[in-house]
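Asker:
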DNA sequence: GTCTTATGCATAATTCTCTTATGTATTAGC
DNA sequence: GCTAATACATAAGAGAATTATGCATAAGAC
C-alpha cells in the first residue's frame, strides 16, 4: 500500500479518468477497478469516494442514473461533456506535475 | 503554477531530497532552489516550509546550525544519517506511487 | 533619503481533503 | 445461521497545506 498522503489531490483525477476509460460505473465498481489497475496498491475508501462523486456531480462533471438490481440500489455515474474536458485537463495537469517533480527530485519516472 | 493540491504529501520528500543533493541549506535558500529546479512551477510557501523543517528536525532527520550574517540570522539545515535514509525511502516511495498512478491513469510518464 | 523589493525567520487561523467510524441494507458462500 | 462481500451514505476527527500576520535587515530604484 502507498502512503495515503501522496494520494491527496489525485482522487478526482483518478475518478474522472477511470470513468472516461470505462464508461458508466457505480461507486463500488470504481473502487474495485482502481484496486485491480493498481494491483491493490491504491484502495479507495468509501468515506473519500462518495463525497467526491457527489461533488463532481454538483459541479456538472458527472451525471447519474439510479438502477435497482433486485432490491439493491446501484447509482451509475458517467461523464458529462464538461466532465470529459475536465478529465483531460486533470490528467495533463498531473503529468505536468510529475515532470516538474522529476526535475526537482532529479529522478527518472520510467 | 501547479495546482497546489497535488503538492500535498510531497513537501517532506522535496525538502529531504534537495538537502541530500545540495548539502546544508537554509530555509529561504531551499525555496529558491526549488523555484529554480521547477522553473517557477513549484513555489514553496514559508507557512508550509518552516513547520516542515521543524518537524523533520524534531524527528531526527535534520540537524541545524545557526549563523549570523552581519545582523541577519541564517539557520542551516543538513541531513542526519537517519535523514539520508529517510530521503532515500521517500523518493523510492514517490517513484513507486507514480508508477502505480501511471497504471491507473493509463498514461506514460516520460 | 525614502520607498519598494528581496532576504530571512516564525507562528496562528483557516481551509481542504482525506481517514476512521458509524449507519443501513441486501446477497452470496459455507 | 454466520460471515464476507456488495452497495449506498454521512459525520467526527486528523493532517497538511494556504493565507495572513508579525518582526527585522539589506539592497536597489528614483
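Protein chains in written order, with our numbering: chain G, 820 to 929; chain W, 820 to 929.
Using N, Cα and C, we set each Cβ at its ideal position, and we do this for glycine too.
Given the structure is predicted, the values throughout are model-derived calculations rather than measurements.
Any beta carbon of chain W sitting closer than 8 Å to that of residue 900 of chain G?
Answerer: At a cut-off of 8 Å between beta-carbon atoms, residue 900 of chain G makes no contact with chain W.
Asker: Counting only runs of 3+ residues fully inside the segment 866 to 919 of chain W, write out the beta strand (DSSP E) ranges in chain order.
Answerer: 881 to 888, 891 to 898
Asker: Please report the distance separating the alpha-carbon of residue 845 of chain W from that of residue 839 of chain W.
Answerer: 13 Å
Asker: When you compare only the Cα positions, how much space is there between residue 869 of chain G and residue 825 of chain W?
Answerer: 20 Å
Asker: For residue 919 of chain W, return the contacting residues in chain G, with the cut-off set at a CB-CB distance below 8 Å.
Answerer: 821, 857, 858, 860, 861
Asker: Near residue 842 of chain W, which residues of its chain fall below 8 Å by C-beta distance, leaving aside the five closest residues on each side in sequence?
Answerer: 897
Asker: Report the residue from W:827, W:882, W:891 whose alpha carbon sits nearest the alpha carbon of residue 903 of chain W.
Answerer: Nearest C-alpha to residue 903 of chain W: W:882.
Asker: Excluding the 5 residues preceding and the 5 following residue 822 of chain W in the sequence, name in chain order all residues of the same chain whose CB lies nearer than 8 Å to its CB.
Answerer: Its pLDDT being 47, under 50, residue 822 of chain W is placed unreliably by the model, and the measurement read from it follows with that caveat. Hits under 8 Å: none found.
Asker: State yes or no: is the C-beta of residue 863 of chain G within less than 8 Å of the C-beta of residue 850 of chain G?
Answerer: yes
Asker: Take the Cβ of residue 890 of chain W as the centre, count every other Cβ of all protein chains shown within 10 Å, and call the residue buried at 16 or more, exposed below.
Answerer: exposed
Asker: For residue 833 of chain G and chain W, any beta-carbon pair shorter than 8 Å?
Answerer: yes
Asker: Contact criterion: CB-CB distance below 8 Å. Does residue 879 of chain W meet it with respect to chain G?
Answerer: no
Asker: Would you kindly work out how many angstroms separate the C-alpha atoms of residue 828 of chain G and residue 909 of chain G, rounded to a whole number?
Answerer: 10 Å
Asker: Smallest Cα separation from residue 915 of chain W: which of G:914, G:857, G:833, G:835?
Answerer: G:857
Asker: Residue 848 of chain G and residue 880 of chain G - do their beta-carbons sit closer together than 8 Å?
Answerer: no
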